[in-house]
Structures are given as structure tokens and as C-alpha cells.
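Report on the following structure.
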Amino acid sequence: MSRLRAGVVGLGVISRFHLRALTDSPDWDLVAVCDLDPKEVAAPPPGATGYTDHARMLAEADLDAVVVTAPNDAHARICADAITAGTAVCVEKPLALDLVEGEALSALARDRGVPLFTAFHRRYNSEFAALREQVADSVVTEVTVRYLERIEEHAGRDTWYLDPARCGGGCVADNGPNAFDLVETLLGRAEVCGARVVCDEAGVDRWADIALTTGTARARVLLDWSHQGERKDVRVRTADGRVLTADMLADRPAFKESLWHEYEGVAADFARRVREGRVEDGGGVSALRLVGETYLAVAGGERVGR
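All the letters of the sequence shown, read from the start, carry residue numbers 9 to 314 under my numbering.
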């Protein structure tokens with residue numbers, strides 16, 4: 009089976025995980041990278057050509073697929089250009105800035121028959137996968153997801169995370185999608201039924217406590233961008249009284265160490281989707297819906313300053 013040709017757009021802090029996963033994968037050849045900063049593409053990975061214009065890369069690099077790791081506010085434009093060019097897309101979460109943009113991208117992908125896939129890397133965490141197997145034959149009644157970190161440590165030089173206009177919000181917009189996706193992976197489609205959000209002086213939401221329901225089960229998502237250290241875990245209660253947990257950082261104590269194997273999972277799943285021509289993903293749009301429902305739930309006055 010021939011290897012697929014991939015390009016990466018955006019060489020910020022998260023791109024190194026995609027680059028490693030693509031380089032090490034038996035499915036992919038990394039043939040192009042793109043960033044607006046010429047210094048970032050001056051010395052591209054071996055075998056890859058550097059570009060500063062994603063449209064030119066799409067026109068010249070003969071790509072099967074593109075991985076989009078640019079800032080959130082650029083996702084919709086870059087993804088639309090790739091889909092229009094007939095190039096499959098794997099985009100970092102969130103799919104777009106809001107549900108309107110996300111639904112437009114999804115409709116374009118369906119119309120063109122081009123795979124559009126959102127990289128929810130925590131789906132592929134080994135501890136979460138083990139938890140899913142443990143509850144596969146059980147009725148899950150309650151799920152709690154904690155996603156706690158200090159954003160300044162994780163964002164590094166990518167300061168756009170702290171600009172709501174570019175990020176789409178704060179912790180709800182950027183970390184929320186990963187947490188929501190874990191809930192829906194376990195429970196199916198969820199809806200927000202209550203939320204509290206705390207913002208800093210600049211209006212960036214730094215903390216959130218979000219209640220969700222699926223009709224047969226309930227879930228809680230806890231987000232914190234001011235947490236000292238890092239905690240990413242899932243707790244499940246089943247109808248027969250069992251309580252099971254998945255510490256997604258377990259046995260990987262180094263900073264961001266868990267991400268290496270998770271992005272290997274992203275690359276492998278994306279390759280399968282491209283080879284099979286699977287256009288629909290659904291997770292990206294659903295996560296944007298839940299982000300919007302969260303902000304709507306606090307619009308009446310519970311979004312407060314800290």
C-alpha cells in the first residue's frame with residue numbers, strides 16, 4: 009500500500025507532536041510544512057519543502073492530506089481552502105471559532121466528498137482506551153472529566169491562546185472540546201444543562217464547571233487554566249456501583265509526555281479515514297455546539313470576574 013503525502017500548516021507549540029507522528033508513521037510521508045514566519049520553514053524536516061503560503065503549498069505539493077495546527081482563528085479559512093482543493097484535512101481542536109464556521113466546513117466537506125477530521129488526541133490515550141474497555145458492557149450513569157493546567161506553561165510562545173478573538177474564548181473554547189469529546193465518546197450526544205465560568209481581568213475564561221446530560225446519564229467537566237501543575241483524568245460511575253478512573257498522564261511524568269503516543273493514534277486514525285474516504289467525523293461540530301451552549305448558559309450573569 010502506497011504511503012500518503014501530508015503537509016502541515018502552522019508550526020507552533022503543538023506541531024512537533026504531529027510532525028513526529030507523521031514522520032514515524034508507516035502510513036505517511038511528510039512532504040511539506042507551512043508557516044507565516046519564514047524562519048520557521050527555513051530548515052524544514054528532511055524530505056519536506058517549506059512554504060509561507062498555504063495556498064501555494066496546496067497548489068504545488070501534490071498532497072493527499074493536510075494537518076492544520078495554525079491558531080484557532082485561521083482554522084476555518086485554511087480548512088476551507090484545503091477542502092476546496094480536494095485535500096483531506098486533519099485539524100487541531102477546535103474545528104473552528106464557533107458553530108457557524110464549523111457547520112459551514114462540515115457542509116463543504118460533505119459537498120466535496122473530502123474527509124474532514126478533528127484531532128481530539130485524548131481519544132487515543134492508552135489509559136482512556138483501557139477505561140473504555142472496562143465499561144464496554146456496562147451502563148454508565150455518571151462521568152467526570154478534569155482538564156486542569158496552567159495555560160501559560162502549555163502555550164509557550166503561542167500567546168494567541170490568551171486572545172479570545174483568536175482563540176474563540178478561553179479554557180471553555182480551547183480545552184473544552186477535548187473534555188466534551190471524551191464525554192460523548194463514553195455517553196453519546198450530550199447537552200449542557202448548567203455552567204459556571206470565571207474570567208480574569210482581561211475577560212478570558214480561566215475556570216469552568218459544566219454540567220451535561222445525555223438523558224440517561226449525567227456528566228461534569230471541570231476546566232482550569234490557572235492550576236498549579238497538571239491533571240487530566242476521567243472518572244466513571246456505572247449502574248452496578250463501580251467507580252473507575254483513567255489518569256491520562258499516568259506513567260508519563262515528563263511535561264506533555266502523554267501527547268507523543270496520543271498523536272500517533274491521531275495519525276493512524278486519520279490515515280484510515282483518508283484511505284476509506286470517510287468524510288463525516290461529527291465530533292468537531294458537536295464540540296463547538298457544546299462550547300456555544302456553555303457560553304450561552306452563563307450569558308445571564310454567572311460569567312464573573314476573579
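Virtual Cβ for every residue (Gly too), placed ideally from N, Cα, C.
Just so you know, these numbers come straight off a predicted model, no measurement behind them.
Legend entry - Cβ-Cβ separation, V41 to P52 (assumed contact under 8 Å), whole Å: 5 Å
Inset, instruction - For the alpha helix (DSSP H) holding G15, just list the boundary residues, first then last. - result: It is not in any alpha helix (DSSP H) - G15 instead sits in the beta strand (DSSP E) that spans L12 to V17.
Inset, instruction - With DSSP collapsed to three states, give me the class of K47. - result: helix
Inset, instruction - Could you have a look at R118 and say whether DSSP puts it in helix, strand or coil? - result: helix
Legend entry - Proximity of T225 and T149 at Cβ, strictly below 8 Å: With the sequence shown as reference, residue 225 is identified as Ala, and Thr is not the correct amino acid for it. For A225 and T149, yes; Cβs fall inside 8 Å.
Inset, instruction - Buried or exposed for L195, please, with buried defined as at least 16 other CB atoms from any protein chain shown within 10 angstroms of its CB. - result: buried
Legend entry - Minimum length 4: unbroken alpha helix (DSSP H) runs contained in the region 179-244: 179-182 and 184-195
Legend entry - Sub-8 Å separation of I86 and L124 beta-carbons: no
Legend entry - Closest residue to D171 among G249, D189, N80 and T222 (Cα-Cα distance): N80
Legend entry - Contained alpha helix (DSSP H) runs [length at least 4] in the region 122-178, N- to C-terminal order: 134-142, 159-163 and 172-175
Inset, instruction - Please report the residue range of the alpha helix (DSSP H) in which T31 lies. - result: S23 to D32
Inset, instruction - Just mark F263 as buried or exposed, buried being the case when its beta carbon has 16 or more other beta carbons within 10 Å. - result: exposed
Inset, instruction - Determine the direct distance from the alpha carbon of F25 to that of W268, and round the result to whole angstroms. - result: 6 Å
Inset, instruction - Please state if the CB of V205 and the CB of A216 are separated by a distance shorter than 8 Å. - result: yes
Inset, instruction - Could you work out which residue in L107, S114, D106 and E109 is closest to A96 when comparing CA atoms only? - result: S114
Inset, instruction - Figure out for me which residue from A203, W168 and V122 has the closest Cα to the Cα of G307. - result: The sequence shown places Ala at residue 307, not Gly. Checked all of A203, W168 and V122; the closest Cα to A307 is A203.
Inset, instruction - Could you tell me the boundaries of the alpha helix (DSSP H) in which V306 lies? - result: Careful: V306 lies outside any alpha helix (DSSP H) and carries neither H nor E.
Legend entry - Beta-carbon proximity list for E310, same chain, < 6 Å, skipping 5 on both sides: Legend: pLDDT at E310 = 44, less than 50; position of this residue unreliable, value from coordinates given subsequently. The residues are R204.
Inset, instruction - Report the residue from M65, E265, T167 and A254 whose alpha carbon sits nearest the alpha carbon of V191. - result: A254
Inset, instruction - Would you please state the rounded distance, in angstroms, between the beta carbons of T126 and K101? I believe it to be under 8 Å. - result: 5 Å
Inset, instruction - Name the residue from K240, A210 and D189 whose alpha carbon lies nearest to the alpha carbon of L220. - result: D189
Legend entry - Three-state secondary structure (DSSP) of R314: Caution is warranted here: a pLDDT of 36 is assigned to R314, below 50, making its placement in the model unreliable, and no coordinate value can be reported.
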